[in-house]
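Notes for the one structure printed next.
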Amino acid sequence: MSSTPVGNIRGKKIAVVGAGICGSLTAWLAQQAGCEVHVFEPDRDKKSCSFTAAGMLAPMAELESSDDNIYRLGLQSVSLWPSIIKALELPIFSRHDGTLVVSHRQDVGAFNQFVNVLKNKLGEQFSASCELLREQNLEPELKNLGTALYLKKEAQVDSHQVLAALHKRLQQGSHWHWQRAESISSQQVNGLEFSWVFDCRGLAAAQDIPGLHGVRGEVITVHAPQVNITRMVRVMHPRYKIYIVPREHNRYLIGATEIQSEDTGPMSVRSTLELLSAAFSVHSGFAEARILALDTNARPATLDHQPIINHQFGLTRINGLYRHGYLLAPAVVAKALGALAIDAASILKQGVYADCI
Amino acid sequence: MLNIADTLLQSRFFIGTALYDSPAIMQQSIEAAESQVVTVSLRRQMAGGSDNQVFWKFLQGFQDENTGRKRHILPNTAGCHTAKEAITLALMARELFNTNWIKLEVIGDDYTLQPDPFELVDAAQELVAQGFEVFPYCTDDLVLCEKLLSVGCKILMPWGAPIGTGKGLINPYALETLRQRLPNVPLVVDAGMGSPSHAAQAMEMGFDAVLLNTAVAKAQDSVAMARAFKLAIEAGRLAFEAGGMVQQDRAHASTPVVGTPFWHNHDC
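Those protein sequence lines, which keep their order, are chains A and B.
Per the numbering used here, residue 6 is the first one in the first sequence, and the count goes up by one each step.
Per the numbering used here, residue 677 is the first one in the second sequence, and the count goes up by one each step.
And the structure:
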């Protein structure tokens, strides 16, 4: 990626279709680079899967069922997030103190399988980024769970706050069209002319991207005053992958299921029972928690679960970030913006250009 | 060739579609396995629907394959706990996949996923009456297997070990008994395989096929492991057909000693 002077693209008209994490970040970075940005997003109810996401930046834990490419993009994103949050200059909750992987004693087989896969995939980097703790003391309330694997470099961001901040900055510095993009083509959206179009519609772009399909995810938000966990927790179980993500003020996100379906209807009793009983088995304090929300959504996935950046003249499609939206978005968007010779990293270093428009 | 449910199959490796890192890796693994029977969970993987057109077409593609071997979808009722649930899901699967095959799974214990034998027999009886070709996932209990046959099942799928444990054949004696007592019933060892040697062992015992999922999906390299299982299953079958020697309690020289020149004997 060349760091062409920002002046080259200053004032250029850019359209971004879709304001999930991918679209919002693309639009905001283009805005920071001095472009005239037009965002097309019809959804006022915030139904995109970026709102359901837990905002985990977990390149190691995700490596269990992904590959080196996702891992490297993930690490790159983890290093970009702090400068994004800083440049947005709005309150965004984030934490960089890692993930604790645990299991119940009878499920130690599932735990060992996870450790084994990570050791294999990380090779020599395993000991630098992971630590096996026979008796962990990081989370005193989870002491009963035995051996834990501590993934030191993982982080999280509050996905709602990130999106809200991006949208606020975009509504201040760009043109927001509350409308569906009925037609998208090279340099055109709904008949309007642009220098470049970014298609970040997620699943709504399924017709234009072969193999793109939805994978349903479900997540529960609770308020649990009796639970005091600060790090992200992943519970290894032979059949479920369950995580608990602490947010501010004793709020916790508990997820997540993976179902091959584009159904975004309400959560089933089975999923609810599985997730909540898993949380309760980790910490009995969850029994008294109040359920704040039961959210479901369908994430856009490709057949090989790799994100895609598809360039043609005047049109770039970014999609397929699947369950890794926040983990991959900064790195993927930075790569995609290379089409316009926008260097995202140096923009984040240089600071804000929005006031120049 | 394996004749199962009036279908001739060249492959004796039945494979599952869950737990892979991605649909692409699943497809490559199934191709490496050269499996002709592919089992799909309606409830666990597809939430009982087929609204996910891409994933759906991807699975259906297996049926249309014209590259030599035809593949067959074996829908399963994983996640059902009662006969009633399983029957409802089986009826849905028949419409969705356009097949009367059903891998009948009725779980009695959530942690071990051990089948509930009582509900299983009830469900099998009803589904056979409704024209299904029932592949019941059962334990290695001889009496249960006979009950399943008496209600009309023509195939049995006893476990090697509980699902996902990878422990191999934990009760070879019970499995040997099943094979001896039910010589003419197609028997498929389903679940519990951890490594290719486990599958080879089942095939050497004379089982007709092996069904597995986790051991391939959770291997470090699923595609290579699928091929390893394929080779082991073929080797085990070939060994069974070849007829192995009978184990002896004492050493028995392959080359007779009588007639060996004395100066050679001296050296020993």
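Cβ coordinates follow ideal geometry from the N, Cα and C atoms, glycine included.
Practice item. Let me know if A/Ile442 comes out buried or exposed under the rule of 16 or more other beta-carbons within 10 Å of its beta-carbon. Key: Here chain A covers residues 6 to 362 and nothing more, so residue 442 of chain A does not appear.
Notebook entry, point to check: Between the segment 879-894 of chain B and chain D, which residues of the former have CB atoms less than 8 Å from a CB of the latter, in chain order?
Noted result: Absent from the structure: chain D. Protein chains present are A and B.
Return the first residue and the last residue of the alpha helix (DSSP H) that A/Cys27 is part of. For A/Cys27, the enclosing alpha helix (DSSP H) begins and ends at Ile26 to Gln37.
message: Run through chain B and tell me which residues come within less than 9 Å of A/Ser71, C-beta to C-beta.
response: By Cβ distance, chain B contributes Asp697 and Ser698.
> If we ignore side chains and look at the alpha-carbon of each, how far apart do B/Leu750 and A/Gln265 end up?
Replying inline: Spanning the two alpha carbons is a distance of roughly 17 Å.
For A/Pro305, return the contacting residues in chain B, with the cut-off set at a CB-CB distance below 8 Å. Those within 8 Å of A/Pro305 in chain B number zero; the least Cβ separation is about 10 Å.
For B/Gln896, which residues in chain A fall below 9 Å Cβ to Cβ?
From the beta-carbon of B/Gln896, the residues of chain A found nearer than 9 Å are Asn121, Val122, Asn125 and Lys126.
* **Continuous alpha helix (DSSP H) stretch holding B/Met702: start and end** => Start and end: Pro699 to Ala709.
Note down, in chain order, every chain B residue with its Cβ under 7 Å from the Cβ of A/Gln118.
Going along chain B in sequence order, the residues near A/Gln118 (Cβ under 7 Å) are Lys894.
Problem set entry | Per DSSP, cross-strand counterpart(s) of A/Trp183 | A/Trp183 pairs with nothing; no bridge assigned.
Can you tell me which of the three DSSP states A/Tyr245 falls into?
-> Looking at A/Tyr245 - three-state DSSP - the assignment turns out to be coil, as it is neither helix nor strand.
Q) How would you write the range of the alpha helix (DSSP H) that B/Leu803 sits in, first residue to last? A) Pro793 to Ala805 is the span of the alpha helix (DSSP H), which, as asked, contains B/Leu803.
Name the chain B residues whose beta carbon is nearer than 7 Å to that of A/Pro372? Outside the shown range of chain A (6 to 362) lies residue 372 of chain A, about which nothing can therefore be said.
Are there three or more Cβ pairs, one per stretch, closer than 8 Å when the segment 89-98 of chain A is compared with the segment 123-135 of chain A? Flag = no, the segment 89-98 of chain A and the segment 123-135 of chain A do not touch.
The segment 760-771 of chain B touching the segment 798-811 of chain B, judged by at least three CB pairs closer than 8 Å | As far as the Cβ criterion goes, the segment 760-771 of chain B touches the segment 798-811 of chain B, which means the pair count is three or higher.
To the nearest angstrom, how far is the alpha carbon of A/Arg49 from that of A/Gly25?
When the Cα atoms are used, A/Arg49 and A/Gly25 turn out to be separated by approximately 12 Å.
Discussion item. Rounding to the nearest angstrom, what Cα-Cα distance links A/Trp201 and A/Gly23 in this structure?
Written reply: Taking the straight line from one Cα to the other gives about 15 Å.
Short of 6 Å in beta carbon distance, which residues of its chain neighbour B/Glu809, apart from the five on each side in sequence? Order them along the chain. Answer for B/Glu809: Ala681, Asn776 and Trp777, listed in chain order.
Inset, instruction - Would you tell me roughly how many angstroms separate the C-alpha atoms of B/Leu789 and A/Arg244, rounded to the nearest one? - result: Each residue's Cα considered, the two are about 10 Å apart.
Open item on the list: Buried or exposed, going by whether 16 or more other CB atoms sit within 10 Å of the CB of B/Thr890?
Closed with: Here B/Thr890 is buried, its C-beta having at least 16 other C-beta atoms within 10 Å.
*Examine chain B for any beta-carbon lying closer than 7 Å to the beta-carbon of A/Leu168, and answer yes or no.*
Chain B contact via Cβ: absent.
Helix, strand or coil at A/Asn149 according to DSSP, with G and I counted as helix:
Three-state DSSP puts A/Asn149 in a helix.
>> Would A/Ile249 and A/Val238 qualify as a contact pair, given that the criterion is a beta-carbon distance under 7 Å?
In response: Cβ distance < 7 Å, so A/Ile249 and A/Val238 count as in contact.
**Request:** Identify whether B/Asn860 lies in helix, strand or coil by the three-state DSSP scheme.
**Result:** It is coil, neither helix nor strand.
Smallest Cα separation from B/Thr753: which of B/Met901, B/Tyr696 and B/Cys814? Checked all of B/Met901, B/Tyr696 and B/Cys814; the closest Cα to B/Thr753 is B/Cys814.
Q | Backbone CA spacing between A/Asp102 and B/Ile831 [nearest angstrom] | A | Answer to the nearest angstrom: the Cα atoms are 54 Å apart.
Point to revise | Own chain residues within Cβ distance below 6 Å of B/Gln896, not counting five before or after | key: Excluding the 5 residues flanking it on each side, B/Gln896 has no same chain C-beta neighbour closer than 6 Å.
Query raised in the report: Should the segment 103-111 of chain A be called in touch with the segment 144-158 of chain A, which here means at least 3 C-beta pairs below 8 Å?
Result: Counting Cβ pairs under 8 Å, three or more are found: they touch.
Pull the bridge partners of A/Val107 from the DSSP assignment, please. Beta-bridge pairing links A/Val107 to A/Val240.
Worksheet item: Who are the neighbours of A/His3 on chain B, taking C-beta pairs under 7 Å?
Response: Residue 3 of chain A is absent from the model: chain A starts at 6 and stops at 362.
*asked:* Buried or exposed for B/Val714, going by 16 or more other Cβ atoms inside 10 Å?
replied: Counting Cβ neighbours within 10 Å, B/Val714 comes out buried, since at least 16 surround it.
Could you tell me whether the Cβ atoms of A/Arg328 and A/Arg304 are closer together than 7 Å?
For the pair A/Arg328 and A/Arg304, the CB atoms are nearer than the 7 Å cut-off.
Pull up the distance between the alpha-carbon of A/Cys5 and that of A/Asn302, whole angstroms please. It is not possible to answer for residue 5 of chain A, since the shown part of chain A is limited to 6 through 362.
| request: Whole angstroms is fine: what's the gap from B/Phe689's alpha carbon to B/Phe905's? | output: Distance between the alpha carbons of B/Phe689 and B/Phe905: 8 Å.
Restricting to Cα atoms, I'd like to know which of B/Met677, B/Asp816, B/Gly755 and B/Val865 is closest to B/Tyr787. The candidate whose alpha carbon is nearest that of B/Tyr787 is B/Gly755.
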